[in-house]
Structure formats: structure tokens, C-alpha cells
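Some notes on the structure that comes next.
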Amino acid sequence: MSENVTIDTIDGNEHFTAYVARPAEEPRAAIVVIQEIFGVNAGIRRKCDLLAEQGYLAVAPDLFWRLEREIELDPDVEPEFKKALSLMEDFDPDRGIRDIEATIKWARAETGGRKVGAVGYCLGGKLAYMTAARTDSDATVGYYAVGVDEMLDEAHAIANPLMLHIPTEDGFNDKETQKAMHDGLDDHPKVTLHDYPGLDHGFATQFGERRDEAGAQKADARTEEFFAQHLG
1 MSENVTIDTI DGNEHFTAYV ARPAEEPRAA IVVIQEIFGV NAGIRRKCDL LAEQGYLAVA
61 PDLFWRLERE IELDPDVEPE FKKALSLMED FDPDRGIRDI EATIKWARAE TGGRKVGAVG
121 YCLGGKLAYM TAARTDSDAT VGYYAVGVDE MLDEAHAIAN PLMLHIPTED GFNDKETQKA
181 MHDGLDDHPK VTLHDYPGLD HGFATQFGER RDEAGAQKAD ARTEEFFAQH LG
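Residue numbers (the numbering used here): 1 to 232.
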């Protein structure tokens, strides 16, 4: 079952919407699904639906609401891709993390205090790293995160498990950047990095031209096992 819900901001003064997919039975835990730069579109909603099929309550907050509410863009349509890049430039990730924190709080209450994890893609991959460092997410996964190398000074704050999927031919993360991520995080007891040789940014998108089927299945299987281990 799926629905749209309204979540209050941390300060309680405003609100934003979120897509929620519920499992058929009592949820084993909850997972916050963090959007790409294309908003809570069909692909992100499908990610939520698949997690619900695994027994999780999955919730994808609209993180661009301060710029434009309920935006949905298609990365394979050039004008929409350009609009997404513009939105990303105007987006404040620090505010986004507070909205993710509010979503985690909502999910804990909604599930009666069960564990809450998070998974993010593209922009959401970076926000997943920040979520692991700045919130009480019980387990977090990031796909093709951009900008982590600039935030390695926050790694000490990561207290719960974090897994990052890194395509080696990511057009937004060059080899030097990937090396910096490994140098800064490989020894961290809570962090696991997985490289995907030959794959590019967006390889695990649910729909569209960027998807690499074999790579997506491999990464998603690792994610499923990771959440089963750490969220129950």
C-alpha cells in the first residue's frame, strides 16, 4: 500500500510531503529513501515499493520543497535534466539533512520505535553520507555519492554502519576523488566501500538509460543483505 503523507520540519513551523510504501504486514523496520536531483519521481517511488515488498516501511521525503514542491523530472529528457542540475545548485544540503532527520523521527514514531535506516542515490548518495554522520540512522547506504571527499572530516561522527557503492567510471567522481574516499574511509570500522569496475554514475537507477542491470542487481543485493543484518 502506498500513500503521500505530510511531515513536519524539525522546528515544527513548516511541513513537506513524502511518498510512503507500506508492507503487507507489520514492518520489520523503516528505510528513508533519499532522492536524486530529479525529485521523488517514478524511479524513487519504485525503490520504495521494492523495499516495502522486503518488509520495510519505506518513505521518500520531498527534499526540494523549498525550491519547488513535489518536483518530478526524467533524467533522460534533456530539458528536465538541465532543470535538475539547476535545482541541485540552489539546494541547501544542510537543510536537506534536517528534513531527513525529521523523516527519520516520523518513521520511528510510525513504526512504534523500530530501527530506521536510509538509502540515497546521486545527490541522495552524498546526503546518505551526511545522514550517517549527522543523524541517528541505524544503517545507511549511498549510491554514487558526489562530494564525500570534501566531507571526510565528518567521518569520525559516523557511529552506525554505512555502505557506499562507487562506480569506477563515474563521470562526477574522478579517480583521484575515488582514491581520496578510500584513503579516508577504508580503515573506518563502520564504513564499507564497494567498487564497480567499468560502471558510471546512475548505474542502479530503477528506470532509464543509465541503468546497468548486472551492476544494479549486484549492488542492490548487497544493500538488501546490509539492511537485513543491521535493521533486522
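We put the beta carbon where it would ideally sit given N, CA and C, even for glycine. Computed from a prediction, not measured in an experiment: that's the story for all the values here.
Rounded separation between residue i and residue j - CA only
{"i": "A42", "j": "V77", "result": "14 Å"}
{"i": "E101", "j": "D138", "result": "12 Å"}
{"i": "T131", "j": "P61", "result": "14 Å"}
{"i": "T111", "j": "K83", "result": "36 Å"}
{"i": "K126", "j": "M151", "result": "9 Å"}
{"i": "T177", "j": "E25", "result": "43 Å"}
{"i": "Q217", "j": "F226", "result": "14 Å"}
{"i": "T205", "j": "E154", "result": "27 Å"}
{"i": "E80", "j": "Y129", "result": "26 Å"}
{"i": "G202", "j": "G171", "result": "10 Å"}
{"i": "A210", "j": "T6", "result": "Looking at the sequence itself, residue 210 is Arg, so the reference to Ala does not match. So the alpha carbons of these two residues sit roughly 31 Å apart."}
{"i": "I44", "j": "D174", "result": "26 Å"}
{"i": "Y143", "j": "T17", "result": "23 Å"}
Whole-angstrom C-beta distance between residue j and residue i, which should lie under 8 Å
{"i": "V141", "j": "A29", "result": "Their Cβ separation, rounded to whole angstroms, is 13 Å, which puts V141 and A29 out of contact at 8 Å."}
{"i": "L85", "j": "G39", "result": "Contact flag wrong, Cβ pair sits at about 13 Å."}
{"i": "A52", "j": "V33", "result": "Contact flag wrong, Cβ pair sits at about 10 Å."}
{"i": "G215", "j": "L199", "result": "5 Å"}
{"i": "C122", "j": "I37", "result": "6 Å"}
{"i": "D149", "j": "M181", "result": "6 Å"}
Enclosing beta strand (DSSP E) for residue i [first to last residue]
{"i": "E3", "result": "S2 to D8"}
{"i": "F227", "result": "No beta strand (DSSP E) holds F227; the alpha helix (DSSP H) holding it covers E213 to L231."}
{"i": "H15", "result": "H15 to A21"}
{"i": "I34", "result": "A29 to I34"}
{"i": "L193", "result": "V191 to Y196"}
Status (buried if at least 16 other CB within 10 Å, exposed otherwise) for residue i
{"i": "P197", "result": "exposed"}
{"i": "G124", "result": "buried"}
{"i": "N4", "result": "exposed"}
{"i": "M163", "result": "buried"}
{"i": "D90", "result": "exposed"}
{"i": "T223", "result": "buried"}
{"i": "Q229", "result": "exposed"}
{"i": "T168", "result": "exposed"}
Residue range of the alpha helix (DSSP H) that includes residue i
{"i": "A180", "result": "K175 to L185"}
query = Which ranges would you report for the beta strand (DSSP E) in the stretch 121-168 if only whole runs of at least 3 residues count?
reply = Assignment of beta strand (DSSP E) within the stretch 121-168, counting only whole runs of 3 or more residues, yields 140-143 and 162-167 in chain order.
| field | Residue ranges of each alpha helix (DSSP H) within the stretch 43-97, 4 or longer | value | The qualifying runs are 78-90.
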